[in-house]
Amino acid sequence: MSFLLSLALTFSVVPQGSPTAQDGAQASAKAPLLAVTEQASLRDKLAKFLADDAVYVRSTGKERDKASRSRDKSKEAFDDEWKKGEKKGNLIASTADLRAVFENCFLLKQPSFSVGQLRKDVIKEEQLEYHFFLPKTYKATTPHRTVLVVPGSATADGVGTWAKAIEYFTATWEKSPTANDSIFHVCSVPTGLELDPIPDYSRTGADEEEKRRNTAVFKTFGEVMFGYNVDRARVFLDCGRSACGYGVRLMTLFPDRFAGAILRAPTQVDDLRLGSLAGIPVLLLRTAASAAAVDALKQRLDEVSPNTTTVLEAADEYPHRGSTPAIEEWMKGKKRNMVPSKIVLEPNHDIFNRAYWADIDVADSLLTVQPDKKPRLEVVADRAANRITVKTVGVERFSLYLNDDLVDLDKEFTVVINDKAVTEKKVRSFRGLLDRVIVRNDWDYLFPVQFSTAVPKQ
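Heads up: the sequence shown runs through residues 3 to 460, numbered per my numbering.
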(Lines of atoms letter the chains of each structure in order from A and count residues from 1; the text may use other names and numbers.)
(Lines give C-alpha, C1' and ligand atoms only; values in the text may rest on other atoms or scores of the structure.)
Protein backbone atom coordinates (compact mmCIF):
# COMPACT_ATOMS: atom_id res chain seq x y z
CA MET A 1 0.00 0.00 0.00
CA SER A 2 1.37 3.44 -0.90
CA PHE A 3 2.18 5.98 1.75
CA LEU A 4 -0.34 8.47 0.35
CA LEU A 5 -3.06 5.84 0.26
CA SER A 6 -2.36 4.83 3.84
CA LEU A 7 -2.73 8.47 4.82
CA ALA A 8 -6.03 8.73 2.96
CA LEU A 9 -7.40 5.57 4.56
CA THR A 10 -6.50 6.23 8.17
CA PHE A 11 -5.66 9.89 8.06
CA SER A 12 -6.80 12.62 9.74
CA VAL A 13 4.30 15.57 11.91
CA VAL A 14 4.12 9.82 18.50
CA PRO A 15 4.51 10.64 22.01
CA GLN A 16 6.94 8.25 23.66
CA GLY A 17 5.81 7.74 27.23
CA SER A 18 3.10 10.17 28.27
CA PRO A 19 1.68 12.61 25.71
CA THR A 20 2.88 16.20 25.78
CA ALA A 21 0.46 18.83 26.96
CA GLN A 22 -0.53 20.44 23.65
CA ASP A 23 -4.07 21.67 23.19
CA GLY A 24 -5.53 20.05 26.27
CA ALA A 25 -3.71 16.75 25.91
CA GLN A 26 -4.35 14.20 28.61
CA ALA A 27 -1.78 12.05 30.35
CA SER A 28 -2.15 8.27 30.40
CA ALA A 29 -5.21 7.42 32.43
CA LYS A 30 -3.62 4.54 34.33
CA ALA A 31 -0.18 3.56 35.57
CA PRO A 32 1.57 0.73 33.67
CA LEU A 33 0.83 -2.84 34.69
CA LEU A 34 4.12 -4.32 33.49
CA ALA A 35 7.69 -3.82 34.60
CA VAL A 36 10.03 -2.17 32.09
CA THR A 37 11.71 -5.51 31.35
CA GLU A 38 8.34 -7.14 30.68
CA GLN A 39 7.35 -4.32 28.33
CA ALA A 40 10.67 -4.68 26.48
CA SER A 41 10.22 -8.43 26.09
CA LEU A 42 6.72 -7.96 24.64
CA ARG A 43 7.98 -5.21 22.35
CA ASP A 44 10.75 -7.46 20.97
CA LYS A 45 8.29 -10.25 20.25
CA LEU A 46 5.83 -7.87 18.62
CA ALA A 47 8.60 -6.42 16.42
CA LYS A 48 9.64 -9.93 15.36
CA PHE A 49 6.06 -10.84 14.48
CA LEU A 50 5.54 -7.64 12.46
CA ALA A 51 8.79 -8.24 10.56
CA ASP A 52 7.80 -11.84 9.79
CA ASP A 53 4.32 -10.75 8.78
CA ALA A 54 5.76 -8.19 6.34
CA VAL A 55 7.94 -10.91 4.78
CA TYR A 56 4.92 -13.18 4.46
CA VAL A 57 2.86 -10.47 2.73
CA ARG A 58 5.62 -9.92 0.14
CA SER A 59 6.35 -13.62 -0.47
CA THR A 60 4.97 -15.99 -3.12
CA GLY A 61 5.06 -19.74 -3.83
CA LYS A 62 7.23 -21.93 -1.60
CA GLU A 63 8.80 -18.89 0.01
CA ARG A 64 5.35 -17.84 1.18
CA ASP A 65 4.82 -21.22 2.89
CA LYS A 66 8.16 -20.84 4.65
CA ALA A 67 7.31 -17.27 5.64
CA SER A 68 3.93 -18.41 6.95
CA ARG A 69 5.58 -20.86 9.34
CA SER A 70 7.94 -18.19 10.62
CA ARG A 71 5.07 -15.75 11.07
CA ASP A 72 2.96 -18.32 12.93
CA LYS A 73 5.86 -19.10 15.24
CA SER A 74 6.55 -15.47 16.10
CA LYS A 75 2.83 -14.76 16.55
CA GLU A 76 2.56 -17.65 18.98
CA ALA A 77 5.55 -16.33 20.94
CA PHE A 78 3.95 -12.88 21.16
CA ASP A 79 0.54 -14.30 22.12
CA ASP A 80 2.10 -16.39 24.90
CA GLU A 81 3.98 -13.39 26.26
CA TRP A 82 0.83 -11.25 26.07
CA LYS A 83 -1.18 -13.84 28.01
CA LYS A 84 1.52 -13.93 30.65
CA GLY A 85 1.31 -10.14 30.98
CA GLU A 86 -2.46 -10.23 31.24
CA LYS A 87 -2.14 -12.02 34.57
CA LYS A 88 -1.38 -8.54 35.91
CA GLY A 89 -4.46 -6.97 34.32
CA ASN A 90 -6.09 -5.97 31.05
CA LEU A 91 -3.12 -4.85 28.92
CA ILE A 92 -5.16 -3.45 26.06
CA ALA A 93 -6.80 -1.06 28.53
CA SER A 94 -3.39 0.21 29.68
CA THR A 95 -2.23 2.91 27.25
CA ALA A 96 1.04 3.28 29.17
CA ASP A 97 1.87 -0.37 28.46
CA LEU A 98 0.62 -0.17 24.87
CA ARG A 99 2.93 2.76 24.15
CA ALA A 100 5.91 0.96 25.64
CA VAL A 101 5.17 -2.27 23.73
CA PHE A 102 4.49 -0.61 20.35
CA GLU A 103 7.14 2.09 20.49
CA ASN A 104 9.74 1.65 17.73
CA CYS A 105 8.22 -1.71 16.77
CA PHE A 106 9.24 -1.72 13.08
CA LEU A 107 12.57 -3.50 12.62
CA LEU A 108 15.00 -1.88 10.18
CA LYS A 109 18.48 -2.75 8.91
CA GLN A 110 21.51 -0.52 9.37
CA PRO A 111 22.33 1.01 5.96
CA SER A 112 25.34 -0.37 4.10
CA PHE A 113 26.31 3.03 2.66
CA SER A 114 28.21 5.81 4.41
CA VAL A 115 26.08 8.17 6.46
CA GLY A 116 26.62 11.85 7.23
CA GLN A 117 26.09 13.15 3.70
CA LEU A 118 23.12 14.09 1.54
CA ARG A 119 22.19 11.20 -0.77
CA LYS A 120 20.10 11.22 -3.94
CA ASP A 121 17.45 8.59 -4.60
CA VAL A 122 14.68 8.10 -7.15
CA ILE A 123 11.32 6.34 -7.18
CA LYS A 124 11.95 4.75 -10.56
CA GLU A 125 8.43 3.96 -11.71
CA GLU A 126 7.44 7.63 -11.36
CA GLN A 127 10.89 9.23 -11.80
CA LEU A 128 10.45 11.10 -8.54
CA GLU A 129 13.78 12.38 -7.31
CA TYR A 130 14.54 13.21 -3.70
CA HIS A 131 17.49 13.52 -1.33
CA PHE A 132 17.88 12.35 2.24
CA PHE A 133 20.45 12.71 4.98
CA LEU A 134 21.24 10.30 7.81
CA PRO A 135 23.41 11.71 10.62
CA LYS A 136 26.75 10.13 11.45
CA THR A 137 25.17 8.99 14.73
CA TYR A 138 22.36 7.16 12.90
CA LYS A 139 21.33 3.80 14.38
CA ALA A 140 18.58 1.74 12.78
CA THR A 141 17.44 0.69 16.24
CA THR A 142 16.81 4.26 17.44
CA PRO A 143 14.07 6.68 16.33
CA HIS A 144 15.51 9.97 15.07
CA ARG A 145 13.99 13.41 14.87
CA THR A 146 13.29 14.18 11.21
CA VAL A 147 13.00 17.37 9.17
CA LEU A 148 10.97 17.29 5.96
CA VAL A 149 12.42 20.07 3.82
CA VAL A 150 10.53 21.71 0.95
CA PRO A 151 13.19 23.90 -0.76
CA GLY A 152 12.26 27.39 -1.80
CA SER A 153 12.22 28.93 -5.24
CA ALA A 154 15.61 29.51 -6.85
CA THR A 155 15.10 33.30 -7.01
CA ALA A 156 12.91 35.81 -5.21
CA ASP A 157 10.67 36.23 -8.23
CA GLY A 158 11.05 32.64 -9.46
CA VAL A 159 7.81 30.88 -10.31
CA GLY A 160 8.05 27.12 -10.62
CA THR A 161 11.86 27.09 -10.50
CA TRP A 162 13.25 25.48 -7.39
CA ALA A 163 16.55 25.57 -5.54
CA LYS A 164 18.66 22.46 -5.97
CA ALA A 165 18.43 20.11 -3.00
CA ILE A 166 22.18 20.00 -2.29
CA GLU A 167 22.61 23.77 -2.48
CA TYR A 168 19.55 24.41 -0.33
CA PHE A 169 20.58 21.90 2.33
CA THR A 170 24.05 23.45 2.44
CA ALA A 171 22.51 26.90 2.86
CA THR A 172 20.21 25.85 5.72
CA TRP A 173 21.12 22.77 7.75
CA GLU A 174 24.47 21.28 6.70
CA LYS A 175 26.98 21.00 9.61
CA SER A 176 24.42 22.33 12.08
CA PRO A 177 23.94 20.68 15.50
CA THR A 178 20.61 19.31 14.23
CA ALA A 179 22.47 17.51 11.44
CA ASN A 180 24.43 15.64 14.12
CA ASP A 181 21.39 13.68 15.28
CA SER A 182 18.49 14.16 12.85
CA ILE A 183 17.27 12.71 9.56
CA PHE A 184 16.54 15.12 6.71
CA HIS A 185 14.31 14.51 3.72
CA VAL A 186 14.75 17.11 0.98
CA CYS A 187 12.10 16.78 -1.71
CA SER A 188 12.50 17.89 -5.32
CA VAL A 189 9.56 19.81 -6.74
CA PRO A 190 9.04 19.29 -10.49
CA THR A 191 10.12 22.30 -12.57
CA GLY A 192 7.16 24.43 -13.60
CA LEU A 193 4.93 23.23 -10.75
CA GLU A 194 3.92 26.04 -8.38
CA LEU A 195 3.20 25.13 -4.78
CA ASP A 196 1.64 28.10 -3.03
CA PRO A 197 -1.46 28.88 -5.14
CA ILE A 198 -4.54 27.45 -3.43
CA PRO A 199 -6.23 25.01 -5.83
CA ASP A 200 -9.58 25.89 -7.33
CA TYR A 201 -11.08 22.41 -7.42
CA SER A 202 -13.89 23.55 -9.69
CA ARG A 203 -11.24 23.93 -12.39
CA THR A 204 -10.38 20.90 -14.53
CA GLY A 205 -6.98 19.52 -13.63
CA ALA A 206 -6.69 21.21 -10.22
CA ASP A 207 -6.99 17.88 -8.38
CA GLU A 208 -4.21 16.37 -10.47
CA GLU A 209 -1.94 19.34 -9.84
CA GLU A 210 -2.43 19.04 -6.08
CA LYS A 211 -1.81 15.32 -6.30
CA ARG A 212 1.52 16.05 -8.04
CA ARG A 213 2.47 18.41 -5.24
CA ASN A 214 1.56 15.98 -2.47
CA THR A 215 3.23 13.09 -4.27
CA ALA A 216 6.49 15.00 -4.72
CA VAL A 217 6.57 15.79 -1.02
CA PHE A 218 4.84 12.93 0.79
CA LYS A 219 5.36 9.92 -1.41
CA THR A 220 9.09 10.48 -1.46
CA PHE A 221 9.03 11.08 2.30
CA GLY A 222 7.22 7.75 2.60
CA GLU A 223 10.27 6.04 1.11
CA VAL A 224 12.45 7.51 3.83
CA MET A 225 9.90 6.73 6.51
CA PHE A 226 9.66 3.08 5.50
CA GLY A 227 13.41 2.63 5.10
CA TYR A 228 14.89 4.50 8.05
CA ASN A 229 14.02 5.05 11.68
CA VAL A 230 11.96 8.23 11.59
CA ASP A 231 10.61 9.24 14.99
CA ARG A 232 6.91 9.58 14.24
CA ALA A 233 6.53 12.02 17.15
CA ARG A 234 9.19 14.42 15.91
CA VAL A 235 8.65 15.17 12.23
CA PHE A 236 9.08 18.88 11.45
CA LEU A 237 8.07 20.54 8.19
CA ASP A 238 10.54 23.18 6.92
CA CYS A 239 9.35 25.28 3.97
CA GLY A 240 11.26 27.79 1.90
CA ARG A 241 10.31 30.68 -0.35
CA SER A 242 7.20 30.14 -2.52
CA ALA A 243 6.45 26.94 -0.56
CA CYS A 244 5.19 28.26 2.78
CA GLY A 245 1.59 28.67 1.68
CA TYR A 246 1.67 25.09 0.46
CA GLY A 247 3.24 24.01 3.74
CA VAL A 248 0.36 25.47 5.71
CA ARG A 249 -2.10 23.78 3.36
CA LEU A 250 -0.29 20.45 3.64
CA MET A 251 -0.51 20.60 7.43
CA THR A 252 -4.25 21.19 7.27
CA LEU A 253 -4.55 18.03 5.15
CA PHE A 254 -2.33 15.90 7.42
CA PRO A 255 -2.17 17.66 10.79
CA ASP A 256 -1.39 14.58 12.85
CA ARG A 257 1.86 13.88 10.98
CA PHE A 258 3.80 16.89 12.26
CA ALA A 259 5.38 18.04 15.51
CA GLY A 260 5.62 21.56 14.11
CA ALA A 261 6.45 23.69 11.08
CA ILE A 262 9.15 26.21 10.16
CA LEU A 263 8.10 28.79 7.57
CA ARG A 264 11.10 30.73 6.25
CA ALA A 265 9.15 33.06 3.94
CA PRO A 266 5.54 33.13 5.14
CA THR A 267 2.77 34.29 2.89
CA GLN A 268 -0.89 35.03 3.49
CA VAL A 269 -3.36 32.17 3.05
CA ASP A 270 -6.62 34.06 3.32
CA ASP A 271 -8.73 31.48 1.47
CA LEU A 272 -7.48 28.55 3.55
CA ARG A 273 -9.36 27.17 6.56
CA LEU A 274 -6.93 26.77 9.47
CA GLY A 275 -9.03 25.14 12.19
CA SER A 276 -7.35 21.75 11.76
CA LEU A 277 -4.03 23.27 12.90
CA ALA A 278 -5.15 23.67 16.52
CA GLY A 279 -2.31 22.74 18.84
CA ILE A 280 0.43 22.53 16.19
CA PRO A 281 3.47 24.74 16.89
CA VAL A 282 4.44 27.02 13.98
CA LEU A 283 7.58 29.16 13.68
CA LEU A 284 7.35 32.18 11.37
CA LEU A 285 10.60 33.87 10.27
CA ARG A 286 10.00 37.58 9.86
CA THR A 287 11.80 40.19 7.75
CA ALA A 288 10.91 43.76 6.89
CA ALA A 289 9.60 42.55 3.53
CA SER A 290 7.47 39.77 5.00
CA ALA A 291 6.27 41.59 8.12
CA ALA A 292 2.72 42.22 6.92
CA ALA A 293 2.22 38.62 5.75
CA VAL A 294 3.74 37.22 8.96
CA ASP A 295 1.61 39.40 11.21
CA ALA A 296 -1.57 38.51 9.31
CA LEU A 297 -0.83 34.79 9.39
CA LYS A 298 0.05 34.87 13.08
CA GLN A 299 -3.20 36.61 13.87
CA ARG A 300 -5.18 33.92 12.09
CA LEU A 301 -3.23 31.09 13.71
CA ASP A 302 -3.65 32.68 17.14
CA GLU A 303 -7.41 32.76 16.61
CA VAL A 304 -7.32 29.01 16.00
CA SER A 305 -4.84 28.11 18.72
CA PRO A 306 -3.44 30.79 21.04
CA ASN A 307 0.19 30.53 22.16
CA THR A 308 1.31 27.96 19.57
CA THR A 309 2.70 30.34 16.92
CA THR A 310 6.11 31.98 17.40
CA VAL A 311 7.55 34.86 15.35
CA LEU A 312 11.33 34.94 14.94
CA GLU A 313 13.05 38.03 13.56
CA ALA A 314 15.37 36.67 10.87
CA ALA A 315 19.05 37.09 11.68
CA ASP A 316 20.18 37.43 8.07
CA GLU A 317 19.09 37.18 4.46
CA TYR A 318 16.93 34.34 3.13
CA PRO A 319 17.16 31.36 3.68
CA HIS A 320 18.29 32.62 7.08
CA ARG A 321 21.17 30.33 7.96
CA GLY A 322 22.03 32.76 10.74
CA SER A 323 18.71 31.93 12.43
CA THR A 324 19.56 28.22 12.70
CA PRO A 325 20.50 28.33 16.43
CA ALA A 326 17.18 30.01 17.28
CA ILE A 327 15.26 27.54 15.10
CA GLU A 328 16.99 24.64 16.85
CA GLU A 329 16.14 26.09 20.25
CA TRP A 330 12.49 26.38 19.19
CA MET A 331 12.43 22.73 18.06
CA LYS A 332 13.70 21.39 21.38
CA GLY A 333 11.25 19.24 23.28
CA LYS A 334 8.45 19.47 20.76
CA LYS A 335 6.55 16.28 19.94
CA ARG A 336 3.33 15.50 18.20
CA ASN A 337 0.51 14.46 20.51
CA MET A 338 -1.76 11.78 19.07
CA VAL A 339 -4.43 12.06 21.77
CA PRO A 340 -5.35 15.74 22.20
CA SER A 341 -8.54 16.07 24.20
CA LYS A 342 -9.91 18.49 21.59
CA ILE A 343 -9.86 18.08 17.81
CA VAL A 344 -11.14 20.47 15.17
CA LEU A 345 -11.49 19.29 11.58
CA GLU A 346 -11.98 22.00 8.98
CA PRO A 347 -11.16 20.20 5.73
CA ASN A 348 -9.65 21.98 2.74
CA HIS A 349 -10.16 18.88 0.58
CA ASP A 350 -13.09 16.48 0.27
CA ILE A 351 -10.89 13.40 0.74
CA PHE A 352 -8.35 14.47 3.35
CA ASN A 353 -10.66 15.04 6.29
CA ARG A 354 -9.25 12.97 9.14
CA ALA A 355 -6.96 13.82 12.04
CA TYR A 356 -5.79 12.12 15.21
CA TRP A 357 -8.72 10.06 16.53
CA ALA A 358 -11.52 11.65 14.48
CA ASP A 359 -12.66 10.95 10.92
CA ILE A 360 -15.32 12.56 8.77
CA ASP A 361 -16.80 9.65 6.81
CA VAL A 362 -19.53 11.40 4.79
CA ALA A 363 -19.97 15.14 4.39
CA ASP A 364 -21.14 17.80 1.99
CA SER A 365 -18.73 18.66 -0.81
CA LEU A 366 -16.71 21.82 -0.30
CA LEU A 367 -17.60 22.79 -3.87
CA THR A 368 -21.37 22.79 -3.37
CA VAL A 369 -21.96 24.60 -0.07
CA GLN A 370 -21.80 28.18 1.15
CA PRO A 371 -18.69 29.16 3.13
CA ASP A 372 -20.50 29.08 6.49
CA LYS A 373 -21.90 25.61 5.71
CA LYS A 374 -18.62 23.91 4.85
CA PRO A 375 -18.04 20.63 6.71
CA ARG A 376 -16.64 21.02 10.20
CA LEU A 377 -16.23 18.58 13.07
CA GLU A 378 -15.29 19.57 16.62
CA VAL A 379 -14.72 16.81 19.17
CA VAL A 380 -13.91 17.18 22.87
CA ALA A 381 -13.16 14.26 25.20
CA ASP A 382 -13.79 14.64 28.93
CA ARG A 383 -12.42 11.53 30.62
CA ALA A 384 -13.51 12.63 34.09
CA ALA A 385 -17.12 12.67 32.91
CA ASN A 386 -16.58 9.76 30.47
CA ARG A 387 -18.16 11.91 27.81
CA ILE A 388 -17.32 13.00 24.27
CA THR A 389 -18.98 16.12 22.91
CA VAL A 390 -19.31 16.46 19.13
CA LYS A 391 -20.41 19.50 17.15
CA THR A 392 -20.87 19.23 13.41
CA VAL A 393 -21.61 21.34 10.35
CA GLY A 394 -22.29 19.69 6.99
CA VAL A 395 -21.32 16.23 8.25
CA GLU A 396 -23.54 13.15 7.74
CA ARG A 397 -21.38 10.41 9.29
CA PHE A 398 -18.19 10.33 11.34
CA SER A 399 -15.99 7.90 13.25
CA LEU A 400 -14.03 8.22 16.46
CA TYR A 401 -11.07 6.00 17.36
CA LEU A 402 -10.81 5.65 21.11
CA ASN A 403 -8.47 4.44 23.81
CA ASP A 404 -8.42 4.67 27.59
CA ASP A 405 -6.63 8.02 27.59
CA LEU A 406 -9.78 9.57 26.15
CA VAL A 407 -12.53 7.69 27.99
CA ASP A 408 -12.69 4.75 30.40
CA LEU A 409 -13.66 1.94 28.04
CA ASP A 410 -14.38 -0.41 30.94
CA LYS A 411 -17.53 1.64 31.47
CA GLU A 412 -20.30 3.02 29.33
CA PHE A 413 -19.41 6.36 27.79
CA THR A 414 -21.63 9.12 26.47
CA VAL A 415 -21.36 10.75 23.07
CA VAL A 416 -23.23 14.04 22.76
CA ILE A 417 -23.77 14.95 19.09
CA ASN A 418 -25.17 18.41 18.47
CA ASP A 419 -26.77 18.31 21.95
CA LYS A 420 -28.24 14.83 21.46
CA ALA A 421 -26.74 12.19 23.77
CA VAL A 422 -26.24 8.48 23.16
CA THR A 423 -24.70 5.97 25.55
CA GLU A 424 -22.23 3.40 24.24
CA LYS A 425 -20.28 0.39 25.47
CA LYS A 426 -17.57 -0.93 23.14
CA VAL A 427 -15.29 -3.96 23.27
CA ARG A 428 -11.61 -3.26 22.70
CA SER A 429 -10.07 -5.03 19.68
CA PHE A 430 -6.36 -5.79 19.56
CA ARG A 431 -6.70 -6.83 15.91
CA GLY A 432 -8.28 -3.49 15.01
CA LEU A 433 -5.57 -1.59 16.90
CA LEU A 434 -2.79 -3.57 15.21
CA ASP A 435 -4.25 -3.13 11.73
CA ARG A 436 -4.42 0.63 12.20
CA VAL A 437 -0.79 0.78 13.37
CA ILE A 438 0.36 -1.22 10.33
CA VAL A 439 -1.67 0.71 7.73
CA ARG A 440 -0.48 4.08 9.05
CA ASN A 441 3.06 2.82 9.63
CA ASP A 442 2.72 4.66 12.92
CA TRP A 443 3.48 2.92 16.20
CA ASP A 444 1.61 5.45 18.33
CA TYR A 445 -1.73 5.18 16.55
CA LEU A 446 -3.07 3.08 19.41
CA PHE A 447 -6.86 2.96 19.33
CA PRO A 448 -8.56 -0.38 20.13
CA VAL A 449 -12.13 0.91 19.68
CA GLN A 450 -13.92 2.42 16.70
CA PHE A 451 -17.18 4.30 17.16
CA SER A 452 -19.02 5.18 13.94
CA THR A 453 -22.38 6.88 13.69
CA ALA A 454 -24.67 9.05 11.62
CA VAL A 455 -25.29 12.61 12.75
CA PRO A 456 -28.83 12.85 14.19
CA LYS A 457 -31.25 14.84 12.11
CA GLN A 458 -32.17 18.22 13.53
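Ideal Cβ placement from N, Cα and C applies to all residues, glycine included.
- For S401, the enclosing beta strand (DSSP E) has its first and last residue at 397-404.
- In the structure shown, the three-state DSSP call for S454 is strand.
- Annotation for K428: V451 place their beta carbon closer than 6 Å to its own, counting only its chain and skipping 5 residues before and after.
- The beta carbon of I125 lies closer than 6 Å to none in the same chain, with the five residues before and after it left out.
- Leaving aside the five residues that flank M253 on each side, the residues in its chain whose CB is nearer than 7 Å to its CB run, in chain order, L239, F260, A263, L279, I282.
- As DSSP reads the structure, F223 sits in no beta bridge.
- Taking F400 as reference, the option from I419, E414, Q372 with the minimal CA-CA separation is I419.
- Q41 counts as buried, since no fewer than 16 other beta carbons sit within 10 angstroms of its beta carbon.
- With 16 or more other CB atoms across the displayed protein chains lying within 10 angstroms of its CB, P268 is buried.
- Between the segment 376-384 and the segment 422-442 there are fewer than three inter-stretch CB-CB distances shorter than 8 Å, so the stretches are not counted as touching.
- By the neighbour-count definition (other C-beta atoms within 10 Å, threshold 16), F432 is an exposed residue.
- In the three-state DSSP reduction, E211 falls in the helix class (H, G or I).
- Nearest neighbour of L120 by Cα position, chosen from W175, L110, G154, K90, turns out to be W175.
- Within 10 angstroms of the beta-carbon of K413 lie fewer than 16 other beta-carbons, which makes it exposed.
- Restricting attention to alpha helix (DSSP H) runs no shorter than 4 residues, the segment 403-438 encloses none.
- For A360, the CB contacts under 8 Å within the same chain, skipping 5 residues up- and downstream, are S14, I345, L347, L379, V381, F400, S401, L402, Y403 in chain order.
- Around the beta carbon of K213, fewer than 16 other beta carbons lie within 10 angstroms, which makes this residue exposed.
- Within the same chain, and ignoring the five residues on either side of L35 in sequence, the residues whose Cβ sits closer than 6 Å to its Cβ are K90, G91, S96, D99.
- Bounds of the beta strand (DSSP E) holding K344 are 344-347.
- For the 9 Å CB-CB criterion, P145 and R234 form a contact.
- R60 is classed as exposed because its beta carbon has fewer than 16 other beta carbons within 10 Å across all chains shown.
- Per DSSP, reduced to three states, the secondary structure at W332 is helical.
- In the DSSP assignment, R251 falls outside any beta strand (DSSP E) and lies within the alpha helix (DSSP H) extending over 246-255.
- Assignment of beta strand (DSSP E) within the segment 170-205, counting only whole runs of 3 or more residues, yields 185-189 in chain order.
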